[in-house]
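Numbered per UniProt numbering, the sequence shown spans residues 1 to 633. Think of the CB as a built atom: it goes at the ideal place given N, C-alpha and C, for glycine as much as any other residue. In what follows, a structure is listed as structure tokens, so that the remarks can point back to it.
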Amino acid sequence: MGVILCSRAARKRPLRVLLDEDIMSVLQNNDDSEDGLDFDDDSLADPDFVPEFETFEDNTTEFDINVDSIIETLENSNESSLLSPPSAETASNVTVPQPSLAQSSQSKQTTKKPTKVNLRWKKKSLQLNAEQLRFKSNQNLGTELLELETPIQFFFYLFPQELIRMISEETNLYQVQNDPNSTFRVTDMDIRQFIGIVYLMSLIRLPRVTNHWNAILGTAIIQDTMSLNKFEKIRQTLHFNDNSKNLPRNDPEHDRIFKIRPVVESLNSAYKKVPLEEHLCVDEQMCSTKARNMLKRYNPQKPHKWGYKVYVLSGISGYAYKTEIETGKENIVLPEEPDLGASSNVVVRLARIIPRHQSYKLYFDNYFTSLHLLEYLAREGIHSLGTIRRNRIPGCKLLPEKEILKKRRGYSEEYVADLNGTDISNVAWKDNKIVTLASTFAGIQPETDVRRWDKQNSRYVNIKRPNVVGEYNRHMGGVDLINSIIGIYKIQLRSKRWQVRMFYHYLDLTMANAWLLYKKVSKSKGLSCRLSSADFRLDVAVTLCKLGIKPSMSSRHSLENEIQSKKHKGPAQHAPPMAVRQDQVGHWPQWSDKKIRCKFPKCIGFTHNMCEKCGVALCYTKTKNCFRNFHLS
Numbered sequence: 001m002g003v004i005l006c007s008r009a010a011r012k013r014p015l016r017v018l019l020d021e022d023i024m025s026v027l028q029n030n031d032d033s034e035d036g037l038d039f040d041d042d043s044l045a046d047p048d049f050v051p052e053f054e055t056f057e058d059n060t061t062e063f064d065i066n067v068d069s070i071i072e073t074l075e076n077s078n079e080s081s082l083l084s085p086p087s088a089e090t091a092s093n094v095t096v097p098q099p100s101l102a103q104s105s106q107s108k109q110t111t112k113k114p115t116k117v118n119l120r121w122k123k124k125s126l127q128l129n130a131e132q133l134r135f136k137s138n139q140n141l142g143t144e145l146l147e148l149e150t151p152i153q154f155f156f157y158l159f160p161q162e163l164i165r166m167i168s169e170e171t172n173l174y175q176v177q178n179d180p181n182s183t184f185r186v187t188d189m190d191i192r193q194f195i196g197i198v199y200l201m202s203l204i205r206l207p208r209v210t211n212h213w214n215a216i217l218g219t220a221i222i223q224d225t226m227s228l229n230k231f232e233k234i235r236q237t238l239h240f241n242d243n244s245k246n247l248p249r250n251d252p253e254h255d256r257i258f259k260i261r262p263v264v265e266s267l268n269s270a271y272k273k274v275p276l277e278e279h280l281c282v283d284e285q286m287c288s289t290k291a292r293n294m295l296k297r298y299n300p301q302k303p304h305k306w307g308y309k310v311y312v313l314s315g316i317s318g319y320a321y322k323t324e325i326e327t328g329k330e331n332i333v334l335p336e337e338p339d340l341g342a343s344s345n346v347v348v349r350l351a352r353i354i355p356r357h358q359s360y361k362l363y364f365d366n367y368f369t370s371l372h373l374l375e376y377l378a379r380e381g382i383h384s385l386g387t388i389r390r391n392r393i394p395g396c397k398l399l400p401e402k403e404i405l406k407k408r409r410g411y412s413e414e415y416v417a418d419l420n421g422t423d424i425s426n427v428a429w430k431d432n433k434i435v436t437l438a439s440t441f442a443g444i445q446p447e448t449d450v451r452r453w454d455k456q457n458s459r460y461v462n463i464k465r466p467n468v469v470g471e472y473n474r475h476m477g478g479v480d481l482i483n484s485i486i487g488i489y490k491i492q493l494r495s496k497r498w499q500v501r502m503f504y505h506y507l508d509l510t511m512a513n514a515w516l517l518y519k520k521v522s523k524s525k526g527l528s529c530r531l532s533s534a535d536f537r538l539d540v541a542v543t544l545c546k547l548g549i550k551p552s553m554s555s556r557h558s559l560e561n562e563i564q565s566k567k568h569k570g571p572a573q574h575a576p577p578m579a580v581r582q583d584q585v586g587h588w589p590q591w592s593d594k595k596i597r598c599k600f601p602k603c604i605g606f607t608h609n610m611c612e613k614c615g616v617a618l619c620y621t622k623t624k625n626c627f628r629n630f631h632l633s
């Protein structure tokens with residue numbers, strides 16, 4: 001027996017063969033150091049250093065046992081086992097500790113990947129009783145949510161004022177770092193107005209940003225809120241984190257989304273304040289862009305194929321509870337969590353906010369699903385279901401897809417296996433195509449009838465659909481729903497800076513969440529949802545633009561405007577948002593030459609008095625003061 005040591009490719013030396021006697025002599029000789037020197041580092045650092053080994057009951061040390069075991073292994077092994085590499089099957093079954101970074105500490109932790117097991121699949125149906133599926137958590141909205149009334153209150157509940165203050169501070173800090181001599185500074189009000197203008201631009205589509213300040217195409221509220229130069233300056237300097245604290249790219253602790261991290265964490269903390277729904281799902285979002293950036297991904301199955309990928313935990317209503325931007329380096333595993341692979345670990349991280357052992361149901365597609373993920377969630381008391389790829393099912397006994405294609409439409413089969421005490425169902429069903437699903441709480445039974453079009457007979461027919469397919473179809477579309485809500489009035493402003501484009505995406509996501517929360521609270525109060533998505537966005541945008549500002553002292557109207565105002569009768573007076581009406585800033589009485597009906601409810605009088613900021617007529621007489629009541633009630 002011998003071991004062949006190959007020299008480096010750059011040097012052409014004859015191969016050297018170590019015999020058994022040479023190897024054993026090296027192992028038994030304790031005086032030789034590993035680097036070939038006659039001394040070791042310990043003797044240099046501390047001349048009195050004496051290595052300590054754990055002594056066992058038979059007066060042997062840990063070092064003696066290690067050497068004896070190595071020699072015994074060499075003597076019992078043959079030459080072929082040493083010279084040949086390990087087989088693929090053996091290597092895949094070896095559990096290697098994987099380093100992971102815990103979020104709660106800076107020290108490195110080690111986690112083990114789950115070992116491969118031989119599953120015994122049995123042909124039966126998985127059915128849980130009503131008590132096992134009973135939802136145990138409380139979904140009642142708290143008093144804090146029920147007190148929200150106006151659209152701006154819902155928006156600020158998810159986009160807190162502290163975040164606006166942080167953005168203004170970081171923007172000013174970047175301006176000082178970039179140009180110390182610059183006098184340009186932004187305030188919290190400037191950031192609010194900037195966000196309001198961005199929302200208005202998503203509702204009023206014009207070819208270019210500058211067109212909104214055009215005399216013909218422009219929008220009056222945008223022009224009155226902020227000048228074009230100031231808007232462009234804020235776009236150029238908008239920042240969310242201190243660049244001086246960003247680690248270099250070659251640093252192992254470098255954060256690829258450092259520039260947007262505070263915004264993501266703040267919004268995630270606000271999103272999860274809403275009670276979670278019983279049925280949740282994990283899916284992807286695409287923040288569309290064609291900018292050159294390492295975070296950009298390509299997904300041919302999405303309407304916007306190029307963009308930044310965002311993983312979302314959502315309810316069936318569409319409300320997003322938690323998000324995570326894909327960077328390729330965020331595979332962080334906590335010490336108590338298993339390392340299930342990059343895709344399954346996404347679900348593990350997003351599911352950290354789900355209360356344990358409350359019978360929540362979690363759904364995901366075949367990109368995330370693995371049997372060990374289902375088993376881990378079941379141990380945590382979370383029921384799960386997802387489509388799965390055949391190559392992720394060890395020992396799969398389902399018929400090959402070619403054989404299933406020969407079956408009738410509506411054919412299904414199910415096998416159940418026990419994985420570490422958890423029953424996992426594996427179902428294949430043929431519809432237009434073959435779909436394979438895995439679940440820990442649903443199987444084929446009870447089947448339901450669904451209507452399908454039969455091309456051969458040109459008529460509708462009923463086919464059997466497994467229960468697990470119906471559960472998946474009913475509860476998997478939450479992320480797709482909020483994507484459709486965002487896509488209707490999406491912010492389409494471009495930016496070469498990826499963090500600004502991502503900020504626009506989170507503005508859209510926050511607005512969609514606020515509207516969905518508004519609908520949920522209205523339903524809980526027994527009120528009809530009066531505002532559509534567009535009206536809700538418009539109300540928030542106008543309030544952000546006008547909140548806390550003073551109207552200009554005087555404005556010169558052109559002759560053409562005066563002629564048009566006399567020529568056409570104006571529309572009915574529009575009541576301002578409540579936040580603007582009650583901000584107690586700039587509400588001055590103004591005299592109108594024409595008597596107008598008072599805007600205050602239950603007042604049928606006519607008056608010459610108007611509020612300069614709100615633009616509505618309000619009585620102010622000896623007997624009644626509608627002007628005061630309107631701004632304080």
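Check SER592 in the structure and name its three-state DSSP category.
The three-state reading of DSSP puts SER592 in strand, counting E and B together.
Between VAL542 and ASP593, what straight-line distance do the alpha-carbon atoms span, to the nearest angstrom?
Going by the C-alpha atoms only, they are around 28 Å apart.
Just to confirm the assignment: which complete beta strand (DSSP E) runs, minimum length 3, are found wholly within the stretch 322-385?
360-364
What's the C-alpha gap between ASN609 and ASP535?
29 Å
Of the listed residues ASN118, THR150, SER125, nearest to ARG530 (C-alpha basis)
When each option's Cα is compared against that of ARG530, the closest is THR150.
If you run the structure through DSSP and keep just helix, strand and coil, what is ASN214?
coil
Please classify ASP38: does DSSP put it in a helix, a strand, or coil?
Confidence at ASP38 is low in this model, with a pLDDT of 40, below 50, so its placement is unreliable and the value that follows should be read with caution. Looking at ASP38 - three-state DSSP - the assignment turns out to be coil, as it is neither helix nor strand.
Using the C-alpha atoms, what's the distance from LYS599 back to LYS624?
13 Å
Could you pull the start and end residues of the beta strand (DSSP E) that TYR411 belongs to?
Element bounds for TYR411: n/a, residue is neither H nor E.
According to DSSP, simplified to helix, strand and coil, what is TRP515?
helix
Would you call the stretch 342-353 and the stretch 285-303 touching, i.e. three or more CB-CB distances under 8 Å?
no
DSSP puts LYS309 in a beta bridge; with which residues?
MET286
Who are the Cβ neighbours of LYS496 in its own chain at under 7 Å, not counting the five residues just before and after it?
ALA291
Would you mind reading off the limits of the beta strand (DSSP E) that contains MET610?
606-611
What number of angstroms, rounded off, separates the C-alpha of ILE382 from the C-alpha of ALA428?
23 Å
Helix, strand or coil for LYS624? Go by DSSP, reduced to three states.
coil
Since I believe ILE388 is in contact with ASN366 (beta carbons under 8 Å), could you give me their beta-carbon distance rounded to a whole number of angstroms?
With a beta-carbon spacing of about 5 Å, ASN366 and ILE388 fall inside the 8 Å limit used to define contacts.
Taking buried to mean at least 16 other C-beta atoms within 10 Å of its own C-beta, is PRO300 buried or exposed?
exposed
Going by the beta-carbon positions, is the gap between GLN492 and LYS136 smaller than 7 Å?
7 Å or more divides the Cβ of GLN492 from the Cβ of LYS136.
State buried or exposed for GLU265, treating a residue as buried only when at least 16 other CB atoms are found within 10 Å of its CB.
By the neighbour-count definition (other C-beta atoms within 10 Å, threshold 16), GLU265 is an exposed residue.
Quick one: is ALA514 buried, meaning 16 or more other Cβ sit within 10 Å of its Cβ, or exposed?
buried
Outcome for LYS273 when other beta-carbon atoms lying within 10 angstroms are tallied against a minimum of 16:
exposed
Leaving aside the five residues before and after THR327 along the sequence, list all residues of the same chain whose C-beta is less than 7 Å from its C-beta, in chain order.
ARG256, ILE257, LEU295
Tell me, please, which residues DSSP counts as bridged to TYR298.
TRP306
Starting from ASP449, trace the beta strand (DSSP E) both ways and give me its first and last residue.
DSSP places ASP449 in the uninterrupted beta strand (DSSP E) bounded by 448-454.
Can the beta-carbon of VAL263 be found less than 7 Å from the beta-carbon of PHE240?
Yes, Cβ-Cβ distance for VAL263 and PHE240 is below 7 Å.
Give me the DSSP bridge partner(s) of ARG597.
PHE606
Less than 7 Å between the C-beta atoms of ILE222 and ILE197, yes or no?
yes
Buried or exposed for LEU363, please, with buried defined as at least 16 other CB atoms from any protein chain shown within 10 angstroms of its CB.
With the sequence shown as reference, residue 363 is identified as Tyr, and Leu is not the correct amino acid for it. Buried is the call here.
According to DSSP, simplified to helix, strand and coil, what is VAL186?
VAL186: coil per DSSP, three-state reduction.
Consult DSSP for VAL50 and reduce its assignment to one of helix, strand or coil.
Note that VAL50 has pLDDT 42, beneath the 50 cutoff, so the model's placement of it is unreliable and the number below is only indicative. Looking at VAL50 - three-state DSSP - the assignment turns out to be coil, as it is neither helix nor strand.
Distance, SER182 Cα to VAL176 Cα:
When only Cα atoms are considered, VAL176 and SER182 end up about 7 Å apart.
LYS430 to MET286 span [Cα, whole Å]:
30 Å
Count the C-beta pairs between the stretch 502-517 and the stretch 458-470 that are closer than 8 Å, then say yes if the count reaches three, no if not.
no
Between the CA atoms of MET511 and ILE486 - distance to the nearest angstrom:
Distance from the CA of ILE486 to the CA of MET511, rounded to the nearest whole angstrom, comes to 8 Å.
My output table needs one value for ILE463: the three-state DSSP class, helix, strand or coil.
Reduced to three states, the DSSP call for ILE463 is strand.
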